[in-house]
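Quick note on UniProt numbering: the sequence shown kicks off at 1 and runs consecutively. Backbone N, C-alpha and C define an ideal beta-carbon position, used for all residues, glycine too. To keep things clear, I will list the structure first and then write my remarks on it.
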Amino acid sequence: METNKLYVGNLTYSVNEEQLRELFSQYGDVKDVRVIERKGFGFVEMGSPEEAEKAKEALNETVYEGRTLRIDEARPQQPRREFRRF
């Protein structure tokens with residue numbers, strides 16, 4: 001894994017940042033957690049790429065709060081396209 005930032009998908013809308021921090025801290029140092037409200041996904045930044053890989057291997061496709069987690073390496077954020085309205 002090249003980066004230490006993970007995409008965490010298929011979350012229930014009730015999951016908060018503190019819950020994700022607690023879940024991922026079992027696999028290393030958690031630097032940052034962001035849950036995108038009412039979207040069902042978030043991002044977790046681990047202390048190193050090795051810790052991120054360890055967390056991904058352990059938690060991907062496991063059930064958390066009744067939903068099967070989808071965990072993958074986060075892709076860099078793409079710049080937003082500007083839409084012109086005429």
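In the three-state DSSP reduction, residue 83 falls in the coil class, being neither helix nor strand. In this structure, residue 28 lies away from residue 72, with their beta-carbon atoms at least 9 Å apart.
For residue 22, the enclosing alpha helix (DSSP H) starts and ends at 17-24.
DSSP places residue 51 within a helical segment (H, G or I) once states are collapsed to three. In the DSSP annotation of this structure, residue 1 is not part of any beta strand (DSSP E), being labelled neither H nor E. Taking a C-beta distance under 9 Å as the contact criterion, residue 4 and residue 46 qualify as a contact pair.
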